[in-house]
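Quick notes on the structure that follows.
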Ligand code: ZN
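In this note's numbering, the protein residues as written are 7 to 306.
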C-alpha cells in the first residue's frame with residue numbers, strides 16, 4: 007500500500023467539495039487555481055461548473071496548470087418515461103462523453119438514475135420530484151439498457167465508463183445500482199472481456215457498510231477499478247445528501263479500504279468528495295483544501 011503520509015501526490019479534489027463556500031459560489035477557475043497553488047495534481051469537476059466557466063477555457067486552464075482529472079462528474083440518469091425523455095437523456099449523455107474527452111478525463115462517472123421523475127430538478131428550484139412509477143425493477147432494466155447503449159458510444163471515443171454504486175438511501179431518486187456486486191454484474195454482462203472500457207467508481211461513503219465489500223473489490227480487479235472516492239460517514243448523519251464528513255471525522259476505516267483497493271491493483275488518485283452544507287461549505291475554501299491535504303496524509 008502506498009505511503010501517503012509525507013506528500014499528496016495522489017490526492018484529487020472533487021470540485022463539489024469547495025463549490026459554494028459560505029454561500030458564495032466558488033467558480034471552477036478559482037478552484038483550479040487554489041488546488042494548483044497547493045500542489046494538488048488532480049481534480050474531478052462537475053458538468054455545471056465546467057459549463058458556467060466554458061469548456062474550452064477550462065481545458066486550457068487545466069493544461070496551463072498541469073492539472074489532470076481523476077474523473078468527470080457525471081453521466082447517467084438513464085431511466086425515462088417516454089421517447090422524448092429517453093432522447094433527451096441520450097443527447098445529454100453524449101454531450102457528457104464529449105466533454106470528458108475534451109478534458110482528457112480518465113473516465114466518465116455514471117450515477118445511473120432511480121425512479122424517473124424522482125430527482126429534485128434545478129428547473130423546479132430543487133423541489134423534490136414525483137416518481138412516475140414504483141417499478142424499481144423496470145428502472146434497473148432501463149439502466150442496463152442505457153449503460154449498454156452508452157458503452158458503444160464510449161468505446162468509439164475511448165472514454166471509459168465508471169458506474170458508481172450509490173448507498174441504498176438514494177435508490178429512489180439518484181441510483182438504483184446500490185452495491186458493488188450489482189455494478190460488477192452489469193460490468194460482467196456488458197464487458198465480459200474486462201477490456202477496461204467499463205468499470206466502477208468506488209466511493210467509500212456509498213459502499214463502506216457492505217459486508218461483501220472486500221470480496222467485491224477483489225472481484226473488480228485492476229481493469230474495473232476506475233476511481234476511488236473518499237470522505238467519511240458521520241454519526242449521526244443529519245442530511246441524506248449534504249452532510250458528508252471530512253476523512254477522520256467519522257466511522258469509515260479508510261486505510262483498510264484503500265488497502266483492499268490497492269491490493270486489487272488500483273494505483274490512481276484518492277478523490278476527496280465532500281458535500282457539507284452546514285460545515286465545510288461554511289468555511290473558507292483555502293482552509294477546506296488545506297484540511298483535505300492534511301487528512302489525506304493522516305487518515306486515508
Ligand atoms: Zn463519489
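Glycine included, each C-beta is placed from N, C-alpha and C at the ideal position.
So which of the options has the shortest CA-CA distance to residue i?
i, options, result
"residue 96", "296, 155, 246 and 305", "155"
"residue 122", "172, 218, 180 and 296", "180"
"residue 241", "233, 231 and 252", "252"
"residue 70", "79, 43, 77 and 83", "43"
"residue 34", "16, 195 and 60", "60"
"residue 49", "55, 18, 24 and 120", "18"
"residue 13", "46, 137, 217 and 185", "46"
"residue 296", "271, 23 and 101", "23"
"residue 80", "301, 167 and 151", "167"
"residue 291", "16, 113, 21 and 239", "21"
"residue 178", "302, 94, 271 and 145", "145"
"residue 28", "65, 228 and 288", "288"
"residue 283", "15, 25, 7 and 65", "25"
"residue 258", "214, 36, 233 and 62", "214"
"residue 182", "124, 250, 233 and 201", "124"
"residue 88", "268, 100, 234 and 139", "139"
"residue 219", "190, 115, 229 and 198", "190"
"residue 231", "114, 250 and 303", "114"
"residue 101", "160, 32, 112 and 174", "160"
"residue 147", "195, 104, 163 and 203", "195"
"residue 150", "216, 162 and 188", "188"
"residue 55", "203, 98, 163 and 31", "31"
"residue 273", "239, 229, 244 and 243", "229"
"residue 184", "57, 86, 120 and 107", "120"
"residue 268", "250, 233 and 256", "233"
"residue 63", "36, 217, 207 and 85", "36"
"residue 243", "235, 221, 216 and 175", "175"
May I ask you to list the residues that DSSP assigns as paired with residue i?
i, result
"residue 78", "114"
"residue 209", "235"
"residue 263", "The partner list for residue 263 (beta bridge, DSSP) is empty, contrary to what the question assumes."
"residue 52", "79"
"residue 168", "115 and 205"
"residue 26", "31"
"residue 293", "Answer by DSSP bridge pairing: none, since residue 293 is not bridged."
"residue 187", "Paired residue(s): none; residue 187 is not in a bridge."
Assuming residue i and residue j form a contact by the criterion Cβ under 8 angstroms, report the distance between their Cβ atoms to the nearest whole angstrom.
i, j, result
"residue 237", "residue 280", "5 angstroms"
"residue 109", "residue 75", "6 angstroms"
"residue 77", "residue 117", "The Cβ separation is near 12 angstroms, so there is no contact."
"residue 169", "residue 153", "7 angstroms"
"residue 172", "residue 212", "5 angstroms"
"residue 226", "residue 205", "7 angstroms"
"residue 260", "residue 305", "6 angstroms"
"residue 286", "residue 294", "5 angstroms"
"residue 10", "residue 303", "6 angstroms"
"residue 203", "residue 197", "6 angstroms"
"residue 107", "residue 53", "The Cβ separation is near 13 angstroms, so there is no contact."
According to DSSP, is residue i helix, strand or coil?
i, result
"residue 89", "helix"
"residue 66", "helix"
"residue 12", "coil"
"residue 278", "strand"
"residue 251", "strand"
"residue 126", "coil"
"residue 177", "coil"
"residue 285", "coil"
"residue 196", "helix"
"residue 19", "strand"
"residue 141", "coil"
"residue 37", "helix"
"residue 269", "helix"
"residue 95", "helix"
"residue 107", "helix"
"residue 246", "coil"
"residue 227", "helix"
"residue 155", "helix"
"residue 163", "helix"
"residue 299", "helix"
"residue 306", "coil"
"residue 240", "coil"
With a threshold of 8 angstroms between beta-carbons, can residue i be considered close to chain B, or not?
i, result
"residue 23", "Of the protein chains in this structure there is only one, and it is not chain B."
Quick check: does the Cβ of residue i come within less than 7 angstroms of any heavy atom belonging to the ligand SAH?
i, result
"residue 262", "This structure simply doesn't include the ligand SAH; it includes the ligand ZN instead."
*Would you list the residues whose beta-carbon is nearer than 5 angstroms to any heavy atom of the ligand ZN, in the order they occur in the chain?*
209, 235 and 279
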